[in-house]
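Below is one structure, written out as structure tokens; the observations come after it.
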Amino acid sequence: MAKGFIYIMTNPALKDMVKIGYATDVEARRKQLSTTALPYDYEVYATYETAGNLEDKKLHKMIDNLNPDLRVSKNREFYVMTPKEAYDLLEAIATISGTIEKLKRIGNNDSQAPAQHIKRPPINFFECGIPIGAELVFTENPTVKVTVISDRKVQWNEEETSLSAVAGALKHIKAIQGSAFFTYQGELLTEIAERTQWRE
1 MAKGFIYIMT
11 NPALKDMVKI
21 GYATDVEARR
31 KQLSTTALPY
41 DYEVYATYET
51 AGNLEDKKLH
61 KMIDNLNPDL
71 RVSKNREFYV
81 MTPKEAYDLL
91 EAIATISGTI
101 EKLKRIGNND
111 SQAPAQHIKR
121 PPINFFECGI
131 PIGAELVFTE
141 NPTVKVTVIS
151 DRKVQWNEEE
161 TSLSAVAGAL
171 KHIKAIQGSA
181 FFTYQGELLT
191 EIAERTQWRE
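Using the numbering used here, the first residue of the sequence shown is number 1, and each one after it goes up by one.
Take a look at the structure:
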């Protein structure tokens with residue numbers, strides 16, 4: 001079986017979270033993930049060389065057994081922990097198994113601050129061509145809908161709020177980019193912003 005790597009990736013748009021997965025080509029996987037709806041590219045924080053592609057599942061199971069609340073969503077590879085905490089887990093496994101030489105730390109930015117990125121402004125509904133009264137749909141539960149009431153605010157449960165506040169409440173995460181989890185007329189808001197408000 002071809003060797004591969006367990007990886008730890010971060011994204012400045014996903015604060016207090018890491019992605020722990022497996023790939024035979026980590027850089028190719030990073031580029032693949034970076035074409036999705038988030039406004040920043042993923043960054044590789046660490047890799048751990050393995051003999052096969054099931055080791056990350058074992059790691060996921062171990063984390064779930066230790067604390068099932070750390071996984072953001074069932075069957076997803078996102079965990080509420082710092083990159084350093086995730087790295088410490090891999091380091092412990094590598095040390096116990098005598099394979100510490102297979103563990104490589106690549107990223108040095110524990111805070112996940114997007115200092116090296118061009119920071120995009122918050123989504124402005126009007127600049128994205130989304131009018132007042134428009135209905136936005138939560139990607140993970142289509143029955144959850146909010147209504148646009150100004151250039152940046154929405155109404156949810158009869159309260160004026162923001163998409164980030166709604167997404168954070170629904171996903172039980174303190175800091176999250178709400179626009180990455182809502183669609184307008186079937187299209188992700190971040191994709192709409194890419195071709196309108198954020199267009200260079």
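Where a beta carbon is used, it is the ideal one built from N, C-alpha and C, also for glycine.
Check your understanding: To which residues of the same chain is Pro114 closer than 7 Å at the C-beta, ignoring the five residues directly before and after it?
Key -> Unreliable placement is indicated for Pro114, whose pLDDT of 41 sits below 50; no coordinate value is reported for it.
**Study point:** Sequence ranges, beta strand (DSSP E) only - wholly within the region 49-75, length at least 3
**Key:** none
Practice item. Could you please give me the residues that DSSP links to Arg29 through a beta bridge? Key: Partner residues in a beta bridge of Arg29, as assigned by DSSP, do not exist.
Point to revise | Residues of its chain near Asp151, where Cβ-Cβ distance is below 6 Å and the 5 sequence neighbours each way are ignored | key: Answer for Asp151: Asn124, Phe125 and Phe126, listed in chain order.
Practice item. Could you tell me which of Gly98, Ser97, Lys171 and Phe138 sits nearest to Leu70, measuring between CA atoms? Key: Lys171
Exercise for review: Evaluate Pro121 with the Cβ neighbour count: other Cβ atoms within 10 Å of its Cβ, from every protein chain shown; 16 or more gives buried, anything less gives exposed.
Suggested key: exposed
Review point. Between which two residues does the beta strand (DSSP E) containing Lys104 stretch?
Key: Leu103 to Arg105
Point to revise | C-beta atoms of Ala46 and Lys104 nearer than 8 Å | key: Yes, Cβ-Cβ distance for Ala46 and Lys104 is below 8 Å.
Review point. Applying the criterion that 16 or more other CB atoms from any shown protein chain within 10 Å of the CB defines a buried residue, is Lys31 buried or exposed?
Key: exposed
Exercise for review: Indicate the three-state DSSP secondary structure (helix, strand or coil) for Ile6 in the structure shown.
Suggested key: Strand, per DSSP.
Review point. Exposed or buried, what is Ile132 when buried is set at 16 or more other beta-carbons lying within 10 Å of its beta-carbon?
Key: exposed
Exercise for review: Can you have a look at Ile106 and say buried or exposed, based on whether 16 or more other CB atoms are within 10 angstroms of its CB?
Suggested key: exposed
**Study point:** Where Thr95 falls, given that 16 or more other Cβ within 10 Å makes a residue buried
**Key:** Around the CB of Thr95, fewer than 16 other CB atoms lie within 10 Å, so the residue is classed as exposed.
Review point. Lys61: which of Tyr48, Ala51, Arg76 and Thr50 sits nearest, CA to CA?
Key: Arg76
**Study point:** Top-ranked residue by Cα proximity to Leu188, from Thr139, Leu14 and Asp64
**Key:** Thr139
Exercise for review: Can you have a look at Asp56 and say buried or exposed, based on whether 16 or more other CB atoms are within 10 angstroms of its CB?
Suggested key: Counting Cβ neighbours within 10 Å, Asp56 comes out buried, since at least 16 surround it.
**Study point:** Secondary structure of Leu188, DSSP reduced to three states
**Key:** Note: Leu188 maps to strand in three-state DSSP.
Practice item. Would you kindly report the start and end of the unbroken alpha helix (DSSP H) that includes Gly168? Key: Leu163 to Lys171
Practice item. Determine which residues share a DSSP beta bridge with Gln155 and list them. Key: Gln155 is bridged to Thr147 and Glu160.
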